[in-house]
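So the structure is just underneath, and the comments pick up after that.
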């Protein structure tokens, strides 16, 4: 672990933005901008509780909220650009080319990034509460499909399902620059590191990363093309951790 960011609460999310870090704080309805040491640079109050954030370009980010809104926000300084009103439930958020992907209540939605209009939807599975979809290219995406199963869907013939008895409630997944997959076990309190083809490398208990935290890992995000990642927690279980994978 490199350092912590003292933001705790419900459904904390965040991303690396260029060399900096941006965190969304659901309970306090704010977006917090920090430098690469965790020092706070700016704060923006938002009208709705934010659920996730994704980078749009080198100047702006998009912030989702469970009030069916996506706000486009300029980063330096933190100011609103526009708000998209979405016709479907919204939680997690990623941007792939000209489409946002979000998910809620076992359904994945693709949205037009300019207008927010729904393009298509897909049932994610049964026995899960899919909130996030991880995707870095249009032909591939990953999500929590069923209780102990995550699914990687690929139009390039690389699809796999990962199932493990010591994985529970994997709301969030992440993929590093080398294609390795990280499956966050919210209720199993661990992270499963997989090869790009879905083979288990190791299981990392949350307490191995920080021995004062034992539960509720929520969102894991890498700084692109580095070993550095941030890990957030739900239910005030811990601060935001900034770490490097070994």
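In this note's numbering, the protein residues as written are 35 to 280. Virtual Cβ for every residue (Gly too), placed ideally from N, Cα, C.
Can you tell which of the options has its C-alpha closest to the C-alpha of residue i?
{"i": "residue 166", "options": "232, 255 and 151", "result": "255"}
{"i": "residue 232", "options": "219, 56, 196 and 131", "result": "196"}
{"i": "residue 134", "options": "183, 124, 145 and 161", "result": "145"}
{"i": "residue 140", "options": "148, 216 and 124", "result": "124"}
{"i": "residue 81", "options": "185, 95 and 64", "result": "64"}
{"i": "residue 99", "options": "177, 222 and 87", "result": "87"}
{"i": "residue 78", "options": "222, 212, 67 and 261", "result": "67"}
{"i": "residue 238", "options": "50, 260, 177 and 224", "result": "224"}
{"i": "residue 279", "options": "216, 249, 248 and 272", "result": "216"}
{"i": "residue 138", "options": "161, 94, 54 and 122", "result": "122"}
{"i": "residue 268", "options": "244, 109 and 220", "result": "220"}
{"i": "residue 262", "options": "277, 181 and 107", "result": "277"}
{"i": "residue 163", "options": "183, 53 and 175", "result": "183"}
{"i": "residue 136", "options": "85, 186, 92 and 69", "result": "85"}
Given that a residue counts as buried once 16 or more other Cβ atoms are within 10 Å of its Cβ, and exposed if not, what is residue i?
{"i": "residue 45", "result": "buried"}
{"i": "residue 115", "result": "exposed"}
{"i": "residue 37", "result": "exposed"}
{"i": "residue 120", "result": "buried"}
{"i": "residue 210", "result": "buried"}
{"i": "residue 148", "result": "exposed"}
{"i": "residue 111", "result": "exposed"}
{"i": "residue 266", "result": "buried"}
{"i": "residue 71", "result": "exposed"}
{"i": "residue 200", "result": "exposed"}
{"i": "residue 73", "result": "exposed"}
{"i": "residue 176", "result": "buried"}
{"i": "residue 96", "result": "buried"}
{"i": "residue 270", "result": "exposed"}
Distance check for residue j and residue i, CA to CA, integer angstroms please.
{"i": "residue 155", "j": "residue 43", "result": "30 Å"}
{"i": "residue 56", "j": "residue 159", "result": "31 Å"}
{"i": "residue 275", "j": "residue 189", "result": "34 Å"}
{"i": "residue 61", "j": "residue 253", "result": "16 Å"}
{"i": "residue 128", "j": "residue 213", "result": "17 Å"}
{"i": "residue 101", "j": "residue 206", "result": "20 Å"}
{"i": "residue 152", "j": "residue 240", "result": "36 Å"}
{"i": "residue 236", "j": "residue 172", "result": "28 Å"}
{"i": "residue 83", "j": "residue 59", "result": "8 Å"}
{"i": "residue 126", "j": "residue 48", "result": "11 Å"}
Could you give the residue range of the alpha helix (DSSP H) that holds residue i?
{"i": "residue 241", "result": "240-243"}
I'd like the span of the beta strand (DSSP E) that includes residue i, first residue to last.
{"i": "residue 49", "result": "47-51"}
{"i": "residue 282", "result": "The structure shown does not extend to residue 282, since the chain spans only 35 to 280, so no value can be given for it."}
{"i": "residue 166", "result": "That residue, residue 166, is in no beta strand (DSSP E); it is neither H nor E in DSSP."}
{"i": "residue 254", "result": "251-256"}
{"i": "residue 219", "result": "215-219"}
{"i": "residue 67", "result": "64-68"}
{"i": "residue 76", "result": "74-79"}
{"i": "residue 262", "result": "262-267"}
{"i": "residue 96", "result": "94-99"}
- prompt: In the stretch 140-204, which residue ranges form an unbroken beta strand (DSSP E) of at least 3 residues, counting only runs that do not cross its ends?
  reply: 141-146, 152-157, 168-171, 174-180, 183-188 and 194-197
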